[in-house]
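Enquirer:
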Amino acid sequence: MRKTANILFLTAGATALMLSTLVLAPMQVANAADAKAIEEGKELAFHRQKGNCLACHKIAGGDLPGNIGPELVNMKARYPDKAKLRAQIWDATTVNPNTIMPPFGKHKMLSEKEIDLVTDFIYSL
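In our numbering, the protein residues as written are 82 to 206.
#1: Starting from serine 205, follow the alpha helix (DSSP H) in both directions and report where the run begins and ends.
#2: Check whether the region 194-203 and the region 116-131 are in contact - that is, three or more C-beta pairs closer than 8 Å.
#3: Could you round the C-beta distance between leucine 153 and leucine 145 to whole angstroms and report it? I think they count as a contact, below 8 Å.
#4: Taking C-alpha atoms, which residue in Glu120, Ala113, Lys117, Lys131 lies nearest to serine 192?
#5: Do isoleucine 140 and serine 205 have their CB atoms nearer than 8 Å?
#6: Let's test the definition: count the other Cβ atoms within 10 Å of the Cβ of phenylalanine 202 and tell me whether it reaches 16, buried, or not, exposed.
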């Protein structure tokens, strides 16, 4: 009886370990891909000839930030819908026609993929 209980316990433990590997492995790959996208977005956002977000915004980790636009912090709370943040980056004039924020998508200053990467970075703040 005791051997049966031990075998069942070991089998259950091995099954749980295999299942956790099947569940966690894709999450780790997704997290690695997310981290890479966020890092690429950061490079674009900080690049002076691409996003150049630091010209107007204070962003953690950025040097010589501007103070024209709001500090980019707590973005998930400010933009619970990530698509709205992307739309703001793509063309802020649709929400505020008097904004001085450049319409990065509308004027093709950034490609669609670059806007997605910058959005991923800004949304992570």
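Virtual Cβ for every residue (Gly too), placed ideally from N, Cα, C.
Fair warning: this is a prediction, and the values are worked out from it, not measured in the lab.
Expert: With the structure as the only source:
#1: 193-205
#2: yes
#3: Going by Cβ atoms, the distance from leucine 153 to leucine 145 rounds to 15 Å, so no, they are not a contact pair.
#4: Lys131
#5: no
#6: With 16 or more Cβ atoms within 10 Å of its Cβ, phenylalanine 202 is classed as buried.
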